[in-house]
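Here's the structure, in structure tokens; my notes come after.
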Amino acid sequence: MTDYTNSGSKDTRSGFGEAMQELGRTNPDVVVLCADLTPSMKLESFAREFPERFIQTGIAEANMICIAAGLTIGGKIPFTGTFANFSTGRVYDQIRQSVAYSGKNVKICASHAGITLGEDGATHQNMEDIGMMKMLPDMTVINPCDFNQTKAATLAVSHHNGPVYLRFGRPKVPNFTPAGQTFEIGKALLLSEGRDVSIFATGHLVWKALEACRLLEQEGISSEVINIHTIKPLDEEAVIASVRRTGCAVTAEEHERNGGLGDSIAQLLVRKYPVPIEMVAVDDSFGESGTPEELLKKFGLDTPDVVNAVKAVLARKRS
Amino acid sequence: MPATEELRRISSQVRRDIIRMVNGASSGHPGGSLGVADFLTVLYFEVMRPDPLKFDMNGKNEDIFFLSNGHVCPAWYSVMARYGFFPVKELGTFRKLGSRLQGHPATIERLPGVRIASGSLGQGLSVSIGAAIAKKMNGDSHLVYALCGDGELQEGSNWEALMFAPAKKIDNLIAVVDYNGKQIDGPVDKVMPLGNLRAKFEAFGWIVTDMDGNNIEDIITVLNKVKAGAGKGKPNMIIMHTHMGYGVDFMTDNHEWHGVPPNNDQAARALGQLQETLGDY
């Protein structure tokens, strides 16, 4: 397998914050809106350097989303910033009508996604956001895996004309993809080639998939790891090409099984290339308080869970 | 500049269009549409006077308008068609399969004049604020107009917008509330009273002006006055007093005509009360 090294753990939201500062300097049309979470969203440097393009809306997310939609009328490129929970469910109708249906160039940037938000508990741990956003026609849904990739994705979406949901997280996680990488929306990344099974992972679970790949190799199982940073539009070609080689698939994500990445991969493969699939995802449950690592373990989203899913799918493949 | 009488002739035709559109579609919202026909006529033909042949989504260097209570779009579609944004005959496609004139306004069919979808209530005021901020950022001194319904103010997100605009000195925005006192389930005062709207808006920091929305002269006077008073650090709110169903006697002030189309007999009776001035589509 291809080996990856953690160059030093960082939070993905800081990659977003760094990219926003850079965008502030390079693109005068970029405007940031934030609903009273400037430090958590790592937007302090943008707010400090570009106060005339930083709009504090207060705790009023519905207003924030619609103001963002209005800003596009006039050619601005608005980035909204709040937690995943308040970026989606709380404002679903505003996003649906004023952003998605209206085809507006709004970038909905959501931190603290998934279970690894941790101690704040289930009220804030949104694990339905990918599902909600991907159901909206023409919405692009992106979930990068580490600091460097989140930074690259944030820069990339500024060049994409259309609504985007960009999802990232709170905890420090291994930073292993290259600094200064080019991010291509909708292009899956083959991280490690393998023969026996395809592991499609997104977000924080990409590193877990690589860890699982390493452990499986010690047992003589060759797994292919593919980073699906863009859940919609899904890189169908890459997914099908991989399962043609391996004959089975495991998906891994920090999200409910309903509506998540696994659901998208399964829909595709059922129609185009049916193979056994196992899914590492939350099983129809709300989260709870705890540390990110404790929660990943408890909710079945850790490295051993990926290993077990691979073994389960291989058993089905052989039978 | 069209004389007041000419504006009255246009709004009479707009009302005929509204009746014929909702009757032709066997669905739609005649009550509120009839109520705002005078306002939209004056806004387009007298106050904003945009160039219909140069419609641009970004609306830079021109006054722009947003309709938040999208269900009164028959009035808006008719005014835009009569003004020249798209062919008048297209009004006959309202709410029909393949039409650019969707049941509620939409951008996806690229109907000239429409810049955002509306229908699900409580969003247009915020959208207008965003467009107004973009104008300021672009150094564009033109104005943004927004129309919303009175019942619509029951949507809580409006009050987020009402709090925001004065706090951020959005003084290039002129918002208008269609205060007809009626909504689907009955009088607004019975369904969910709005209380003293003027006092509420003023407490939030808006400049508030009352206007008789079914009086062409008053609409011209008030709009010009408010327009002249814009740009002074505060957003403007017009409480526009209208009658639901205005112009058709059996529909006037009757909330039951909010979202019910007239049948053929009723449409004929209504049209009998509205002079055909510009030629039916």
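Just so you know, the protein sequences line up as chains A and U, in that order. Quick note on numbering that gives the first Met the number 0: the first sequence kicks off at 0 and runs consecutively. Quick note on numbering that gives the first Met the number 0: the second sequence kicks off at 0 and runs consecutively. The beta-carbon is built from N, C-alpha and C at its ideal position, and this holds for glycine as well. This one's a predicted model, so the numbers in the text were calculated from it and none came from an experiment.
Margin query: I'd like the list of long-range same chain contacts for A/E252, defined as Cβ closer than 6 Å, with 5 residues on each side in sequence excluded.
Written below: T201, L204, G259, L260 and A280
Notebook entry, point to check: Three-state secondary structure (DSSP) at A/N125?
Noted result: strand
Note to self: By alpha-carbon positions, which one of A/V140, A/N84 and A/P136 ends up nearest to A/S101?
What the structure shows: A/P136
Next item on the list: Below 6 Å CB to CB, which residues in the same chain sit around A/S97 once its five sequence neighbours on both sides are set aside?
Entry: C65 and A68
Next item on the list: Quick one: which residues of the stretch 121 to 139 of chain U get their C-beta closer than 7 Å to a C-beta of chain A? List them in chain order.
Entry: Q122, S125, V126, S127, I128, G129, A130, I132, A133, K134, M136 and N137
Check: Among the residues of its own chain, which have a CB less than 8 Å from the CB of U/R8, if the five just before and after it don't count?
Finding: Q274, T276 and L277
Notebook entry, point to check: Using 7 Å as the limit for Cβ to Cβ distance, is A/D283 near chain U?
Noted result: no
Notebook entry, point to check: Are any of the Cβ atoms in chain A nearer than 7 Å to that of U/N57?
Noted result: yes
Check: How would you list, in chain order, the residues of chain A whose beta-carbon sits under 7 Å from the beta-carbon of U/S289?
Finding: This structure does not reach residue 289 of chain U, given that chain U is present from 0 up to 280, and the question cannot be answered.
Note to self: Just to make sure I have the definition right: I need the residues of chain A whose C-beta is within less than 9 Å of the C-beta of U/T106. Which are they?
What the structure shows: Y100, S101, G102 and K103
Notebook entry, point to check: chain A beta carbons: is any one of them nearer than 7 Å to that of U/E61?
Noted result: no
Next item on the list: Put U/Q272 into one of helix, strand or coil per three-state DSSP.
Entry: coil
Checklist line | Any C-beta of chain A under 7 Å from that of U/S119 | finding: yes
Next item on the list: Run down chain D in chain order and give the residues with a C-beta less than 8 Å from the C-beta of A/L135.
Entry: The structure shown contains no chain D; its protein chains are A and U.
Notebook entry, point to check: Among the residues of its own chain, which have a CB less than 7 Å from the CB of A/F175, if the five just before and after it don't count?
Noted result: Y3, T4, N5, S6, D145 and W206
Next item on the list: Compare the Cα-Cα distances from A/Y164 to each of A/T11, A/G80 and A/F285 and report the closest residue.
Entry: A/G80
Checklist line | Whether U/Y280 touches U/L90 by CB criterion (7 Å) | finding: yes
Checklist line | Interface flag, U/R114 vs chain A, CB-CB below 7 Å | finding: yes
Next item on the list: Give the single residue among A/R24, A/R12 and A/D304 whose Cα lies nearest to the Cα of A/P50.
Entry: A/R24
Note to self: I'd like to confirm the pairing. Which residues does DSSP put opposite A/N226 in its beta bridges?
What the structure shows: A/L188 and A/A200
Item checked: Distance between beta carbons of U/N60 and A/G73, contact taken as under 8 Å -> Between U/N60 and A/G73 the Cβ distance is about 10 Å, and since that is not below 8 Å, they are no contact.
Notebook entry, point to check: What is the residue span of the beta strand (DSSP E) that U/Y281 lies within?
Noted result: In the structure displayed, chain U extends from 0 to 280; residue 281 of chain U sits before or after that span and is not available.
Check: When the Cα of U/L39 is compared with those of U/R19, U/I63 and U/K167, which residue comes out closest?
Finding: U/I63
Check: Counting Cβ pairs closer than 8 Å, one from the stretch 143 to 156 of chain U and one from the stretch 184 to 198 of chain U, do we hit at least three?
Finding: yes
Margin query: So that I know if they touch, is there some Cβ in chain A lying closer than 7 Å to that of U/F84?
Written below: no
Checklist line | Three-state class that DSSP yields for A/I264 in the structure shown | finding: helix
Next item on the list: Compute the distance between the beta-carbons of U/Y43 and U/V21, then report whether it is under 7 Å.
Entry: no
Next item on the list: Give, in chain order, every unbroken run of the beta strand (DSSP E) that is at least 3 residues long and sits entirely within the stretch 79 to 140 of chain A.
Entry: 106 to 110
Margin query: For A/F15 and A/T149, which I take to be in contact (beta-carbon distance under 8 Å), what is that distance rounded to the nearest angstrom?
Written below: 5 Å
Check: Nearest-angstrom Cα distance between U/L110 and U/V126?
Finding: 18 Å
Margin query: Could you check whether the stretch 101 to 120 of chain U touches the stretch 54 to 64 of chain A, counting it as contact only if at least three pairs of C-beta atoms, one from each stretch, sit closer than 8 Å?
Written below: no
Check: If we call anything under 7 Å between Cβ atoms a contact, is U/A229 one with U/D170?
Finding: yes
Item checked: DSSP bridge partner residues for A/R166 (one or two, in chain order) -> A/A109
Notebook entry, point to check: To the nearest whole angstrom, what separates the beta carbons of A/D119 and A/I76, a pair I think is in contact under 8 Å?
Noted result: Wrong, their Cβ atoms sit about 30 Å apart, outside the cutoff.
Check: Taking C-beta to C-beta, are A/M278 and A/R244 nearer than 7 Å?
Finding: no
Next item on the list: Assign U/F249 to buried or exposed, taking buried as 16 or more other Cβ atoms, counted over all protein chains shown, within 10 Å of its Cβ.
Entry: exposed
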